[in-house]
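Here's the structure, in structure tokens; my notes come after.
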DNA sequence: CAGTGAGCGAGCTTCCGCTTGACTT
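Numbering (this note's numbering), first residue to last: 50 to 820.
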């Protein structure tokens, strides 16, 4: 059929490339890896040179059989997966899975998707690099061994269904350690002195800061008093030129950071939107660690900048990655056509595109030229000097288009400074001594965690977003907005020869959508740190990467490397398994005044819980789960005792008892065998019977509205309103309704008929949804 | 989803990286 079959990793790429190649070429995609280790088994023969058992992934069976068919009828198969470890392995796996041979198979690589690059690649094919394949195998086997030996250990020692891995466990550790730092941070305060001054003549006020801060309010007060009626004059003015350069074009990580800071997107959201822009051909590939732009792109940028801003704004650059372990198989993320200043798409896509366009264009624009002015001012009432700094843009350059934001954007703006001369007298408008507290390190956001992971070389562009969602799904960390801590601060003001004092409440931290560790995350980190310090070492990944590189260069055997690692690792797993007991993080809080028994908090099978009495005591202990937001690290005895006030009997309704209790999904009201969750506004400790009845009635109303139709002839059959529209239930089994069906018009016969059609059976979930 | 937590024991959970759809009760 086709003479040449070219296989790439992504279907969008396949479509583009097919346009560049002639009729004789058919381009298809493998959709990433086609072979992997079996998910349900270790699939690594640890007694036999660590031989991995790769098999065709279940969800790739169809792709592989289609490709196989096409490959059979082709003269030549061109394996064009990415030029990195994983890409090489994809080619090798395709080679095996499609039953290819050396005579009709060629391996090619290209970094940019242009006709020239691809034609050139076709002209210079090579064979599959087995060393690179071995390096991937080592990476894959190492991750499997770590993940599949540590996770079961956690199930036994801590809690079922937990997970551990080279990447995720260290990501959690970063957040746990940051929280510890914050907990141990001792905030100190000092009074900062700021003067608002104005030269004679036009009313141009500017601010200057005094060179010293004062620890005590009294000292600050004394200082202000000394400056009542003082003379201010300019001692020196220094002007110096400064430059600002644009940031490199986007990689996955920097795109996630900027989209988070400037647009407020989560990393998963950013990737979803970028994927959509990529699929519609608007931007280049979005999973990349490269800051490189192709010559074509730089050419487009040059003409676009010249046209829109003028020649003096052009300054092309080649950026080099500073990230260790960067594989740079792709270009940086950029618009496919820089002449499109915006795109026709939904709002989020437009905004993300706009960001990418600006960043790309700015990266090829001239530096901004600034002039910094530093004015030194002396006061007759002070020993040291006041300093005012100003910044004037002489030439805006790339700033015309784009300025990168930073994580801590609370830096004060540098104001304009009026034109003045040395010796000029100034009038004091106002002087303030404001108490400032030192701030603890900020909690991570999703995006700043990605930044840190990238710095440490942990994870890859394709895994940042999934890793962050995994550690949230496992409940190791939570993303939350918490009430920020306030601190009382004093501000003294000198104005019109008078000193007044006022009190402010300053936010110590801004905790909007920040990452917090949970009790389980803290406990698991502690456990792994104690027993597996090597894997929890921030340098572990970087160190093994060096060894993968040696394997890729043919300087090392992959299974030798794994053997060296696995020996001591596996021994540690075994001794921990045998010698250490349950790791519950148990904390003794004190004595229950009612029973005289001990009260503990710890991690149980279902998460954090409190316990009155000892497990091996004759009388069974009482248990209660901790509420959301409570932590075994910080909960007090009083708070714990309150948890045992449930279930609480509120009285009777319709001759049946109404009780309120706290369960797995929060507080609920129980009545006549039914459960109803209570809303956030209601406090289970003080809820009244009347309010509980309201909740019961509201639930009944919702249930009534849920039923579209029921049949008195067969009560097992019901048509219900669900989250995704109408559906059919027969004897607890759900069925989809065929498209276009009006549920309220269906007869009982219709329902039976629908249930018989296997098309309407709901798909079985491949993996059970985690609680 | 279902409102537990000892004991009994079967059977389940899990990794990282490469890619997109399929399709939810």
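No residue lacks a Cβ here, since even glycine has one placed at the ideal position from N, Cα and C.
Quick caveat, the model's predicted, so the values are computed rather than measured.
Asked: Inter-residue Cα distance where the pair is residue 84 and residue 587; Found: 30 Å
Asked: Residue ranges of each beta strand (DSSP E) within the stretch 562-597, 3 or longer; Found: 563-566
Asked: Residue burial classification, residue 460 (beta-carbon count within 10 angstroms, cutoff 16); Found: With a pLDDT of only 47 at residue 460, under the threshold of 50, the placement of this residue in the model should not be trusted; the figure read from the coordinates follows. Exposed, since its Cβ has fewer than 16 Cβ neighbours within 10 Å.
Asked: Nearest-angstrom Cα separation, counted from residue 766 out to residue 790; Found: 17 Å
Asked: Distance between beta carbons of residue 238 and residue 602, contact taken as under 8 Å; Found: Not quite, the Cβ-Cβ distance comes to about 55 Å (not below 8 Å), so this is no contact.
Asked: Own chain residues within Cβ distance below 7 Å of residue 523, not counting five before or after; Found: 211 and 212
Asked: Separation of residue 66 from residue 162, as counted between CA atoms; Found: 7 Å
Asked: Residues near residue 399 by beta carbon distance below 7 Å, same chain, minus five either side; Found: 391 and 392
Asked: Paired residues, beta bridge with residue 536 - DSSP; Found: 555
Asked: For residue 221, the three-state DSSP class (helix, strand or coil); Found: helix
Asked: Boundaries (first-last residue) of the alpha helix (DSSP H) holding residue 196; Found: 179-206
Asked: Assumed close pair residue 636, residue 681 - CB separation to whole angstroms, cut-off 8 Å; Found: 6 Å
Asked: The beta strand (DSSP E) enclosing residue 720, as first and last residue numbers; Found: 715-720
Asked: Neighbourhood of residue 98 by C-beta distance below 6 Å, restricted to the same chain and skipping five residues each side; Found: 608
Asked: Identified DSSP bridge partners for residue 824; Found: The displayed coordinates of the chain run from 50 to 820. Any statement about residue 824 would go beyond what the structure contains.
Asked: Start-to-end residues for the beta strand (DSSP E) that takes in residue 53; Found: 53-57
Asked: Where the alpha helix (DSSP H) containing residue 611 begins and where it ends; Found: 607-628
Asked: DSSP beta-bridge partners of residue 767; Found: 759 and 778
Asked: Contact between the stretch 428-435 and the stretch 447-457 (3+ Cβ pairs under 8 Å); Found: no
Asked: Residue 576 burial status per 10 Å Cβ neighbour count (16 or more: buried); Found: buried
Asked: Local Cβ density within 10 Å of residue 465, reported as buried at 16 or more and exposed below that; Found: exposed
Asked: Euclidean distance between Cα positions of residue 368 and residue 166; Found: 20 Å
Asked: Cβ-based burial, residue 630 [other Cβ within 10 Å; buried from 16]; Found: exposed
Asked: Nearest residue (CA-CA) to residue 707, options 615, 694 and 723; Found: 723
Asked: Environment of residue 248 [buried if 16+ CB atoms lie within 10 Å]; Found: buried
Asked: Spatial distance of residue 729 from residue 738 (CA atoms); Found: 17 Å
Asked: Spatial distance of residue 51 from residue 325 (CA atoms); Found: 30 Å
Asked: Length of the line joining the Cα atoms of residue 349 and residue 242; Found: 51 Å
Asked: Burial state of residue 158 (16 or more Cβ within 10 Å); Found: buried
Asked: Residue from 232, 445 and 615 whose Cα sits closest to the Cα of residue 489; Found: 232
Asked: For residue 77: DSSP bridge partner residues; Found: 56
Asked: Own chain, CB closer than 7 Å to residue 500, minus 5 neighbours either side, in chain order; Found: 302 and 306
Asked: Three or more C-beta pairs below 8 Å linking the stretch 349-362 and the stretch 286-300; Found: no
Asked: Integer-rounded CB distance, given that residue 73 should sit under 8 Å from residue 53; Found: 6 Å
Asked: Opposing strand residues paired with residue 141 [DSSP bridges]; Found: BP columns for residue 141 are empty, so no partner.
Asked: Any 3 or more C-beta pairs closer than 8 Å across the stretch 218-228 and the stretch 639-649; Found: no
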